[in-house]
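Peer 1:
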Amino acid sequence: MHRPEIYELLAREHEELDELFHELLAAKGKLAAGLLTRVRLKLVPHSRAEEAVFYLRLQDDERTAEKVRVGLAEHRQVEALLDELLAMSPRDDNWAARARVLADMVGRHVDEEEGELFPLAKRVLDPQEAQRLAAAFETERDRVWEYILGEQRGAA
Ligand SMILES: [Fe+2]
52 MHRPEIYELL
62 AREHEELDEL
72 FHELLAAKGK
82 LAAGLLTRVR
92 LKLVPHSRAE
102 EAVFYLRLQD
112 DERTAEKVRV
122 GLAEHRQVEA
132 LLDELLAMSP
142 RDDNWAARAR
152 VLADMVGRHV
162 DEEEGELFPL
172 AKRVLDPQEA
182 QRLAAAFETE
192 RDRVWEYILG
202 EQRGAA
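Residue numbers for the sequence shown follow the working numbering, so the first one is 52 and each next one is one higher.
#1: Leaving out five residues before and five after Val129 in sequence, what residues of the same chain have Cβ atoms less than 8 Å from its Cβ?
#2: Who are the Cβ neighbours of Tyr106 in its own chain at under 7 Å, not counting the five residues just before and after it?
#3: Among Gln110, Leu75, Leu171, whose alpha-carbon lies nearest the alpha-carbon of Leu136?
#4: Exposed or buried, what is His126 when buried is set at 16 or more other beta-carbons lying within 10 Å of its beta-carbon?
#5: Within the continuous alpha helix (DSSP H) that includes Thr88, where are the two ends?
#6: Cα separation between Lys79 and Glu70?
#7: Looking only at C-alpha atoms, which of Arg89, Leu60, Ala62, Leu61 sits nearest to His73?
#8: Check whether the region 53-60 touches the region 176-190, counting contact only when three or more Cβ pairs, one atom from each stretch, lie closer than 8 Å.
#9: Locate the alpha helix (DSSP H) running through Arg127, then write down its first and last residues.
#10: Start and end of the alpha helix (DSSP H) containing Gln203?
#11: Can you list every residue whose CB sits closer than 6 Å to some heavy atom of ligand 1, going in chain order?
#12: Under 8 Å, do Arg174 and Pro96 count as touching if we go by C-beta distance?
#13: Work out the CA separation of Ala83 and Glu163 for me, nearest whole Å.
#14: Using DSSP with H/G/I as helix, E/B as strand and the rest coil, what is Asp112?
#15: Check the C-beta distance from Leu133 over to Glu101 and give it rounded, since I have them as a contact under 8 Å.
#16: Hey, would you say the C-beta of Tyr106 is under 7 Å away from at least one heavy atom of ligand 2?
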């Protein structure tokens with residue numbers, strides 16, 4: 052059985068997010084609002100689990116600590132902008148511009164993570180640990196996903 056390392060799982064989800072953002076930027080009105088909800092349901096569990104499993108392990112190693120610190124700050128910025136957009140109507144004049152800023156912000160963050168943090172993390176984690184972190188990531192991501200879904204149902 053293929054036991055993926057954490058990088059593979061994260062990169063796959065980054066790809067899925069990128070596709071969702073493409074759809075989001077092309078959408079309007081109700082469709083855009085629905086897609087933004089899907090972005091949230093994919094992005095928040097992903098980044099929270101990334102923090103709880105991947106960043107937590109790397110934040111105390113001097114080779115990766117700085118990149119983790121920057122990554123955490125970017126996660127906060129992304130979630131703040133996501134919340135701002137969720138509170139707006141897609142009919143708002145600024146909506147499309149803010150959605151574009153969010154998509155670009157996430158794109159840059161992902162490029163940094165994959166291009167800078169992953170190569171450093173591979174020096175810190177041996178393959179077995181990277182596989183264990185992948186399993187822990189999935190468990191935590193699914194837990195947050197359930198929570199967010201419950202929250203969305205409660206709000207609807
Ligand atoms: Fe991230």
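For every residue, glycine included, the Cβ atom is placed at its ideal position computed from N, Cα and C.
Peer 2: Reading off the structure:
#1: Only Leu94, Ser98, Leu153, Met156, Val157, His160 meet the Cβ criterion.
#2: Val119, Gly122, Leu123
#3: Leu75
#4: buried
#5: 80-100
#6: 16 Å
#7: Arg89
#8: yes
#9: Note, Arg127: alpha helix (DSSP H), 116-138.
#10: 178-206
#11: Ser98, Glu101, Gly122, His126, His160, Glu164
#12: no
#13: Distance between the alpha carbons of Glu163 and Ala83 is about 27 Å.
#14: coil
#15: At roughly 15 Å, the Cβ-Cβ gap does not stay under 8 Å, so Leu133 and Glu101 are not in contact.
#16: Absence of ligand 2 is noted for the structure shown, with ligand 1 being the only ligands found.
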